[in-house]
Amino acid sequence: MLTPLRHSRRGITRQRDTRMIRMALAAMAALTLAACNRPAIDAADPWAVLHPWDHGRPGIEKLDTGVEYVVVRKGDGKTPAPSVRDRVEVKYEGRLAKEGIIFDSSYQRGETSVFQVNGVIPGWRDGLQKMQPGDMFMFWIPSAQGYGERGAGMQIPPNSDLMFQVELVRVLSDPWPKALPWPTDASDIVRLPSGLEYRSVESGPSDGASPSDTDVVVVHFEGRLEDPDYQVGDTFEEKLDSSLVVSTYAEGEPKQFLVSGLTPGWREAVKLMRPGDRWMARIPPQINYGDDSADRIPPNSTVIYEIELLAFGPPQPDSLPPAP
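According to our numbering, the sequence shown holds residues 353 to 676 in order.
Structure (structure tokens):
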């Protein structure tokens, strides 16, 4: 038979346990309600919700490097994420994480930008490899994965944490492993009487027009010497570095040129292209610079170019840069 004392203690214990359970349930409900009450992220203006950055926000992904990101919008997931050797076409906006001050924005410029994945700051490099075309992410990048102690010009002070809205438009696969050395005898190489040789990497709409001598073309391009001074034992990456003479991809912005002002090989190539075409073209010296030199191109050099025709049209009053 139970004594009243023992019975009373059991009752007190049950009441205490019940109160603790109720308190835990109330706390869980409060957390759930708080999460539910968080405003939804609008892809049209994700900054309104995500700045200032909340490191404890549900849904934040964290990399070992300290980079954090939130998926704002997912693409269709059909195209793989880029590798470090790929180039990417992106829309983006960068701000100082603390102040929210914009220091760069392709949205404000009304254009996309193209970068090589291994040519950007570490935080971007690692983050881009998590994305697929169509994705929009918001990144928080600690200073060590951004511009570190040096900063960047007047706009990014030293030791600044950064935030970036990044939209991955497309991935441009690296064509150079199949272009160096140049495969002259390959079945997909087109050889013209002038000496120009090319292969198509990507094709734009087949019903598009081609530029004429009087047009201005907007192009991305990268040029490498066919016979640079390789060192014995050089890796392919080292050969790429030593052969590079020019790259708008590295600069992040395309160039505009009047077709009639181009070298004969360039002129012949772009007049055969349509917007959206991307070619690898081998241009020998007799239709390029001949006995002359140009920047990093020595006399009598054959140059292999990656050329992407973005657009063309009649000249505008603005001055044009020198042709490649």
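The C-beta atom is built at its ideal place from N, Cα and C for all residues, glycine as well.
Just confirm the distance between the C-beta atoms of residue i and residue j, as a whole number of angstroms; I'd bet it's less than 8 Å.
i	j	result
Val422	Ile493	Not confirmed; about 13 Å, so no contact.
Val523	Thr431	6 Å
Gly665	Val568	6 Å
Val553	Met632	6 Å
Val598	Asp647	7 Å
Val622	Leu661	6 Å
Ile305	Val571	Any answer about residue 305 is impossible in this case: the structure gives the chain only from 353 up to 676.
Gly528	Leu592	The sequence as given places Trp at residue 528; Gly does not occur at that position. Right, their Cβ atoms sit about 6 Å apart.
Gly486	Gly427	2 Å
Let's test the definition: count the other Cβ atoms within 10 Å of the Cβ of residue i and tell me whether it reaches 16, buried, or not, exposed.
i	result
Ile453	exposed
Tyr657	buried
Tyr641	buried
Gly475	buried
Gln468	buried
Glu501	exposed
Pro410	exposed
Tyr459	exposed
Leu354	In this prediction, Leu354 scores a pLDDT of 36, lower than 50, which makes its location untrustworthy; no coordinate-derived value is stated.
Ala531	buried
Gly429	exposed
Gln668	exposed
Pro404	exposed
Taking Cβ to Cβ, would you say residue i is nearer than 9 Å to residue j?
i	j	result
Tyr550	Arg626	no
Asp438	Gln507	no
Val655	Glu578	yes
Pro533	Val611	no
Pro510	Leu448	no
Pro636	Leu548	yes
Gln481	Val521	no
Arg425	Ala400	no
Ala433	Met483	yes
Glu441	Ser546	no
Nearest CA to the CA of residue i: which residue from the options?
i	options	result
Leu297	Tyr444, Lys450, Asp629	Nothing about residue 297 can be reported from this structure: the residues present for the chain run from 353 to 676 only.
Asp416	Ala496, Ser564, Ala602	Ala496
Arg461	Glu605, Phe573, Pro557	Glu605
Ile473	Leu402, Gly486, Gly408, Phe516	Phe516
Ile649	Leu596, Trp618, Gly617	Leu596
Cβ of residue i within 8 Å of any heavy atom in the ligand GTP?
i	result
Leu520	In terms of ligand content, the structure shown is empty, and the ligand GTP therefore cannot be addressed.
Residue i bridges to which residues according to DSSP?
i	result
Gln517	Glu445, Met490
Lys414	Glu420
Glu620	Answer is none; Glu620 lacks a bridge partner.
Asp456	Gly446
Ser678	Only positions 353 to 676 of the chain appear in the structure, and residue 678 is not among them; the question remains open.
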